[in-house]
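Heads up, the thing below is written out as C-alpha cells.
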Ligand code: MSP
C-alpha cells in the first residue's frame, strides 16, 4: 500500500538549528502523528543539505575540515529532533553515498536526453541563498551594490562568470502551467499560488546547474571540474532516499513537501520541471508556510536574535513549545514570536484551560468516587462525549488541510465547554443529593478528556501520555479517536492517578 509521504526541507548545516527549522519539522511531525493515529501508513523524511559554497565558507570560518564540520552540525539537527519528540522515518544527508550516486545518475540522464547542456554563465550569485540572479533581477542600489533580491536575505551578491551546465527549464514552462491548472491542490496554500503562476507565466529561463568555482559538491559525471549546483543536488533527496525500487514505489509520488515560503519557487517550479525531465510523477502538493519574526524583527546573524529551541523548552517544556508554534500563527501565514505571547498562551490555554481541567476532574473522581474510574451508566444519556464526537470530522478535515491552528482552536472550544459544564453542574453540590447523577457526569467528563487527549496527541505527545495515565487509559494501542474512546471502555475498572499539574504556572 502506498504510504503517505511527507517531507521537510533539508536544512543547511552552516549553523545551529533555530526556531524556523524546528517549526517546519514540528509541523511535519504533527501531521505524521495525526495520520499514524488514523492507521495510515506514513513516511516522514527529513535531513541535512551539506554541499555548496555556503557550507564550504562556514567550515572555513569555523576552522574545521568540511567533512568534520558537516558531520558535527548534521548531528545537532538529529539531536534536536530527538529532543523535540520528532518521529521521522528516514534522515538523509546529501553527503551519503546513496544520495550522491543517484544524483549523478539523474544528471547523466538529463545530459543524455538533452535536458542538460554545457554553456557559460554570466550573472550574480547569492551564497547565503545559494541562488543565481540576473542583472535585471538585482539592479545596483544607490550605493552601487547589488544585493540579493530576496527580501528575507538582502546580502551582497557575487559576480560570477564561469562555464556551467544548464537545465532546460524554459522547455517546461507550458507543461508546468498546464499542471498547475489541472491540479488546483498542487500549489498550497491557495493564497500563495498566484505568485508562482505569475512567475512562470512571465517566462522561464534555463538555469545553471553546475559550478566550477565550488569544490565541495558532487562531481558532474564525466566532467569532474564541475560540481553539481547545490539545489539540483538537494532537491533530488526526495527521490534518492528510498534504497530500493520497492521502497520507492511505496512512497513516490510524495503527498506533500512542506517548505518555508522563501524556497517555494524551487519546490514548485524547478523541482517539478526536474521530475518531468526525469520522466517521474510529480508530488501531489507543495505547501509553503510563512516566516517567524522575533519580537517584530527578522532573525539574523547581525542581530544575534536567533531563537534556540532548547532555551524555550528549558523553561516551558517541549510540548508547550510545539503547541505555541502551531497555535500562534496559522500555518501558511507569517507571524511573530515573543516570550510574552508564549507565556500568555501557556498560562491561559495550557495551565488554566487544560491543565486545571484535568486536575479538577481527577480530583473529583478521587474525592467522590474514591479514585475508582466511573463506568458506563445504565442509561448512558445524551452526553458531551457524543457532542465531542460530532466535532471529530471537522478537526480531522483541518488536520488534513494542514490547518493546525484551526484544529487547535476547535479542540480548545471543547476544552472550554468542559470547564463551563463543570461549573454549571457543580458536582461538589450535586454529590450531596444525587451520587448516581454525579457519577454519570464524571463518567462523561473522563470520556471527554480521553477524546481531548487523543486530539492533542499529535501536537503534545508527552501531555497526551500524562493525561492518559491520569485518567486511567491502560489499553494498548491507546484509543486516539472519539470512536475508539467510546468503543474501548470497560465499565468501572481502573483507578485515576493523581499527579502534579500538567503545566505549572509561569
Ligand atoms: N537547504 C535548503 C533547503 C533545501 S530542500 C531540498 C534550505 N535550508 S535552510 O536551512 O535555510 O532551511 C530552510 C527552512 O527553514 C525553510 O524552508 C523554513 O522551513 C525554515 N525557516 C528558516 N527560517 C525561518 C523563519 N524565520 N520562520 C519560519 N521558518 C523558517 O533552505
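Residue numbers (the working numbering): -8 to 497. Note that beta-carbon positions come from the ideal geometry of N, C-alpha and C, so glycine has one too. None of these values were measured; they are calculated from a predicted model.
Any C-beta of chain D under 8 Å from that of residue i
i, result
"residue 259", "Any reference to chain D falls outside this structure, which holds one protein chain only."
Whole-angstrom distance between residue j and residue i, CA atom to CA atom
i, j, result
"residue 492", "residue 347", "7 Å"
"residue 161", "residue 271", "18 Å"
"residue 82", "residue 50", "22 Å"
"residue 489", "residue 340", "21 Å"
"residue 317", "residue 497", "20 Å"
"residue -3", "residue 62", "25 Å"
"residue 290", "residue 327", "11 Å"
"residue 436", "residue 394", "27 Å"
"residue 55", "residue 48", "10 Å"
"residue 449", "residue 65", "25 Å"
"residue 483", "residue 244", "In this prediction, residue 483 has a pLDDT of 46, which is less than 50 and means its spatial position is unreliable; what the coordinates show is noted afterwards. Taking the straight line joining both Cα atoms gives about 48 Å."
"residue 69", "residue 40", "13 Å"
"residue 439", "residue 379", "7 Å"
"residue 304", "residue 494", "13 Å"
"residue 403", "residue 287", "27 Å"
"residue 106", "residue 95", "14 Å"
"residue 35", "residue 415", "44 Å"
"residue 351", "residue 42", "54 Å"
"residue 125", "residue 329", "37 Å"
"residue 487", "residue 401", "27 Å"
"residue 418", "residue 353", "13 Å"
"residue 89", "residue 103", "22 Å"
"residue 77", "residue 445", "17 Å"
"residue 215", "residue 333", "51 Å"
"residue 128", "residue 137", "10 Å"
Cβ-heavy atom distance, residue i to the ligand MSP, below 7 Å
i, result
"residue 254", "yes"
"residue 191", "no"
"residue 290", "yes"
"residue 35", "no"
"residue 90", "no"
"residue 129", "no"
"residue 428", "no"
"residue 15", "yes"
"residue 226", "yes"
"residue -4", "no"
"residue 42", "no"
"residue 110", "no"
"residue 247", "no"
"residue 251", "yes"
"residue 11", "yes"
"residue 3", "yes"
"residue 0", "yes"
"residue 243", "no"
"residue 282", "yes"
C-beta contact flag for residue i and residue j at 8 Å
i, j, result
"residue 461", "residue 349", "yes"
"residue 75", "residue 313", "yes"
"residue 207", "residue 46", "yes"
"residue 389", "residue 398", "yes"
"residue 324", "residue 253", "no"
"residue 200", "residue 171", "no"
"residue 19", "residue -1", "yes"
"residue 167", "residue 191", "yes"
"residue 249", "residue 278", "yes"
"residue 9", "residue 309", "no"
"residue 120", "residue 144", "yes"
"residue 228", "residue 85", "yes"
"residue 116", "residue 151", "yes"
"residue 99", "residue 300", "no"
"residue 364", "residue 430", "no"
"residue 187", "residue 255", "yes"
"residue 264", "residue 1", "no"
Presumed contact (8 Å Cβ cut-off) between residue i and residue j, rounded CB distance
i, j, result
"residue 158", "residue 198", "5 Å"
"residue 112", "residue 267", "Incorrect: roughly 23 Å between the Cβ atoms, too far for contact."
"residue 15", "residue 251", "6 Å"
"residue 344", "residue 383", "Contact flag wrong, Cβ pair sits at about 20 Å."
"residue 356", "residue 433", "6 Å"
"residue 459", "residue 469", "6 Å"
"residue 33", "residue -6", "6 Å"
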